[in-house]
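Student: Shown below is the structure under consideration.
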Ligand SMILES: [Fe+2]
Ligand SMILES: [Fe+2]
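Chains as they are written, first to last, in our numbering: chain A, 50 to 388; chain B, 433 to 603.
Listed below in structure tokens is the structure:
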């Protein structure tokens with residue numbers, strides 16, 4: 050895969066919903082996007098062809114021109130572009146926008162367009178609830194997707210769907226959005242991926258062999274971390290059940306704006322740093338407290354944020370490296386950790 | 433679950449503290465408050481807490497010029513650690529009270545206009561933060577110590593009239 054992918058190719062990867070389609074068209078136009086080789090992904094026998102991918106998350110862009118968060122997202126893009134070796138692609142973990150407006154999403158896409166490599170993206174609640182994803186879909190395509198890359202099956206789901214609390218009382222779109230913007234809002238309740246995506250997921254992995262390396266990507270964690278702040282996905286148990294046949298599943302997510310690792314059954318779970326602001330750890334015990342980052346210093350406006358890069362080995366072992374803008378990492382995390 | 437029961441439990445706790453003091457033969461400077469008086473005091477406190485909740489979530493436009501509100505970075509007032517104040521803060525080079533740190537976060541991350549430290553709104557800012565840390569150990573001076581607020585299941589963390597929307601109305 051070339052380091053520089055031009056706009057049209059990049060768009061094309063991010064817009065193609067299904068791996069089959071991407072592969073077909075990619076081969077047809079004769080470029081190697083690295084998303085070929087479905088057969089190997091299905092059998093897993095030949096293992097992973099080692100590669101790395103990066104994650105950028107939670108930019109929370111505001112509409113004001115030259116807002117500090119614009120620069121922070123641009124810093125993240127520059128940081129990923131300067132990684133050696135270069136990641137094959139970048140996953141964006143949701144919450145491009147703060148208030149879900151089209152101008153914020155457009156601004157985010159424009160900054161992310163400077164990435165040298167293809168981008169895959171799933172939505173966060175801040176992107177969604179002004180127009181129920183209309184602008185987001187127009188810019189970024191389908192929110193539910195899967196593709197195969199060098200022997201690994203990647204899945205993306207929209208995990209921020211809540212029960213309709215707005216129609217009956219006749220709330221405006223703006224009211225609905227404002228309610229969703231507050232992390233500890235008493236109104237929306239726990240969110241999830243809901244029935245249709247569960248069915249899609251079951252179908253998507255039906256023919257994959259148990260030794261297929263699987264990476265699943267969502268905005269919120271696939272375990273009950275702190276439901277109060279929607280640090281959860283209500284149907285995570287169903288998702289984990291559908292994926293339980295696999296030997297090893299890696300879950301990566303945004304939304305929590307902090308470093309964090311957990312493991313449940315065959316699934317490891319790793320959180321992404323945001324680029325806008327860090328969130329405090331909620332009042333619960335962590336199973337792996339060594340993956341907590343340092344307290345952010347509020348007088349350093351970029352402290353507690355950053356990007357992350359994951360190297361996958363031939364045996365589908367992941368080396369997770371957080372790349373904070375400042376000094377956020379405890380000794381345990383400084384050289385990365387294996388998942 | 434949140435609103436009524438919580439209100440009742442808190443009220444009962446308040447009452448039983450008064451009862452315990454009485455039983456222990458504590459001397460009162462004046463006759464103990466009547467249940468009505470206690471209820472009034474509690475209501476006044478909760479009114480200030482509620483104002484604080486709104487202020488932490490952007491109710492005053494002059495507290496920000498970049499759109500940020502305290503709630504963006506401090507959900508449920510987490511990481512504000514009110515019970516660790518007064519303490520030494522490096523940005524001041526001296527020991528400062530909680531209220532000054534509130535103003536620091538208004539002026540810096542939010543690029544807004546500081547509040548009068550003696551205003552009702554500043555009291556409300558403090559009331560909400562302390563209320564969400566009620567029962568937590570008071571540890572002044574521990575600048576490096578990250579505390580957590582109380583666990584809130586849902587609702588606002590204090591008794592407030594439910595909105596009638598979504599899970600806020602959940603019994
Ligand atoms: Fe976020
Ligand atoms: Fe989010």
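From the three backbone atoms N, C-alpha and C, an ideal C-beta is built for every residue, glycine too.
All of these numbers come straight from a predicted model, not from anything done at the bench.
Once the 5 residues before and after residue 277 of chain A are set aside, which same chain residues still bring their CB inside 8 Å of it?
Tutor: 233 and 331
Student: Report buried or exposed for residue 174 of chain A, applying the criterion of at least 16 other Cβ atoms within 10 angstroms of its Cβ.
Tutor: When all chains shown are included, residue 174 of chain A counts as buried.
Student: So residue 186 of chain A is in the alpha helix (DSSP H); what residue range does that whole segment cover?
Tutor: That run of the alpha helix (DSSP H) goes 183–189.
Student: By a C-beta neighbour count over all protein chains shown, 10 Å radius and 16 as the cutoff for buried, is residue 261 of chain A buried or exposed?
Tutor: buried
Student: Output needed in chain order: residues of the region 533–566 of chain B with a Cβ under 7 Å from some Cβ in chain A.
Tutor: 537, 540 and 541
Student: Cβ closer than 7 Å: which chain A residues qualify as neighbours of residue 495 of chain B?
Tutor: Those do not exist, as residue 495 of chain B stays about 15 Å from chain A at its closest Cβ, beyond 7 Å.
Student: The alpha helix (DSSP H) spanning residue 480 of chain B covers which residue range?
Tutor: Element bounds for residue 480 of chain B: 467–488.
Student: Just to confirm my understanding: we take residue 242 of chain A, look at its own chain, exclude 5 residues before and 5 after, and list those with CB closer than 8 Å. What are they?
Tutor: 206, 207, 208, 210, 250, 267, 282, 284 and 288
Student: Can a CB atom of chain B be found closer than 9 Å to the CB of residue 79 of chain A?
Tutor: For residue 79 of chain A, the predicted structure reports a pLDDT of 29, less than 50, and the residue's modelled location is therefore unreliable. A value from the coordinates is still provided. No, its Cβ sits nowhere closer than 9 Å to a Cβ of chain B.
Student: With respect to the alpha helix (DSSP H) encompassing residue 491 of chain B, which residues constitute its N-terminal and C-terminal limits?
Tutor: Careful: residue 491 of chain B lies outside any alpha helix (DSSP H) and carries neither H nor E.
Student: Tell me which residues pass a beta-carbon proximity test against ligand 1: closer than 5 Å to any heavy atom, given in chain order.
Tutor: Those satisfying the condition are, in chain order, A:107 and A:144.
Student: For residue 214 of chain A, decide whether its Cβ has a neighbour in chain B, counting only Cβ atoms nearer than 9 Å.
Tutor: yes
Student: Starting from residue 250 of chain A, follow the alpha helix (DSSP H) in both directions and report where the run begins and ends.
Tutor: 243–254
Student: With distance defined between alpha-carbon atoms, name the residue in A:215, A:158 and A:240 nearest to residue 123 of chain A.
Tutor: A:158
Student: Is any beta-carbon of chain A found at less than 9 Å from that of residue 597 of chain B?
Tutor: yes
Student: So, helix, strand or coil for residue 376 of chain A, using DSSP?
Tutor: DSSP places residue 376 of chain A in the coil class of the three-state scheme, outside both helix and strand.
Student: Taking only the alpha-carbon atoms, compute the straight-line gap between residue 380 of chain A and residue 583 of chain B and give it to the nearest angstrom.
Tutor: 29 Å
Student: Return the chain-ordered list of same chain residues with a C-beta closer than 7 Å to the C-beta of residue 375 of chain B, the five sequence neighbours on each side being excluded.
Tutor: The requested residue 375 of chain B does not occur in the structure, where chain B is confined to residues 433 to 603.
Student: Can you look up residue 278 of chain A in the DSSP assignment and give me helix, strand or coil?
Tutor: helix
Student: Less than 9 Å between CB atoms is the rule here; does residue 586 of chain B satisfy it with respect to chain A?
Tutor: Taking Cβ atoms only, chain A reaches closer than 9 Å to residue 586 of chain B, which makes this a yes.
Student: Can you check which of these residues, A:225, A:202 and A:103, is closest to residue 134 of chain A by C-alpha distance?
Tutor: A:103
Student: Indicate whether at least one CB of chain A lies closer than 9 Å to the CB of residue 438 of chain B.
Tutor: Any reading at residue 438 of chain B must be qualified, since the residue scores a pLDDT of 39, below 50, and its modelled position is unreliable; no value is offered.
Student: Closer than 9 Å, CB to CB, is residue 481 of chain B near chain A or not?
Tutor: Taking Cβ atoms only, chain A never reaches closer than 9 Å to residue 481 of chain B, which makes this a no.
Student: When you check each C-beta in the region 502–530 of chain B against every C-beta of chain A, which residues fall closer than 8 Å?
Tutor: 503, 504, 505, 506, 507, 508, 510, 511, 522 and 523
Student: Assuming residue 552 of chain B is part of the beta strand (DSSP E), what are its boundary residues?
Tutor: Where residue 552 of chain B is concerned, there is no enclosing beta strand (DSSP E), although the alpha helix (DSSP H) it sits in stretches over 552–563.
Student: Does the region 508–527 of chain B come close enough to the region 312–325 of chain A that 3 or more CB-CB pairs lie under 8 Å?
Tutor: no
Student: Pull out every residue of the region 103–126 of chain A whose Cβ sits closer than 9 Å to any Cβ of chain B, in chain order.
Tutor: 109, 111, 112, 113, 116, 117 and 118
Student: Identify whether residue 516 of chain B lies in helix, strand or coil by the three-state DSSP scheme.
Tutor: helix
Student: Report yes or no: do three or more beta-carbon pairs, one from the region 355–368 of chain A and one from the region 142–158 of chain A, lie closer than 8 Å?
Tutor: no
Student: Report yes if the C-beta of residue 489 of chain B is less than 8 Å from at least one heavy atom of ligand 2; otherwise report no.
Tutor: no
Student: Can you list, in chain order, the residues of the region 257–289 of chain A whose Cβ is nearer than 7 Å to any Cβ on chain B?
Tutor: 277 and 278
Student: Just to check, is the beta-carbon of residue 174 of chain A closer than 8 Å to a non-hydrogen atom of ligand 2?
Tutor: yes
Student: I want to see whether chain A comes within less than 9 Å of residue 395 of chain B, judged by CB atoms only; does it?
Tutor: Shown here, chain B extends from 433 to 603; a query on residue 395 of chain B therefore has no answer.
Student: List, in order along the chain, the chain A residues whose C-beta lies closer than 8 Å to that of residue 580 of chain B?
Tutor: 329, 330, 331 and 332
Student: Give me the residue from B:489, B:594, B:499 and B:481 with the minimum Cα distance to residue 540 of chain B.
Tutor: Comparing alpha carbon positions, the residue from B:489, B:594, B:499 and B:481 closest to residue 540 of chain B is B:499.
Student: Give me the Cα-Cα distance between residue 192 of chain A and residue 106 of chain A, rounded to the nearest whole angstrom.
Tutor: 15 Å
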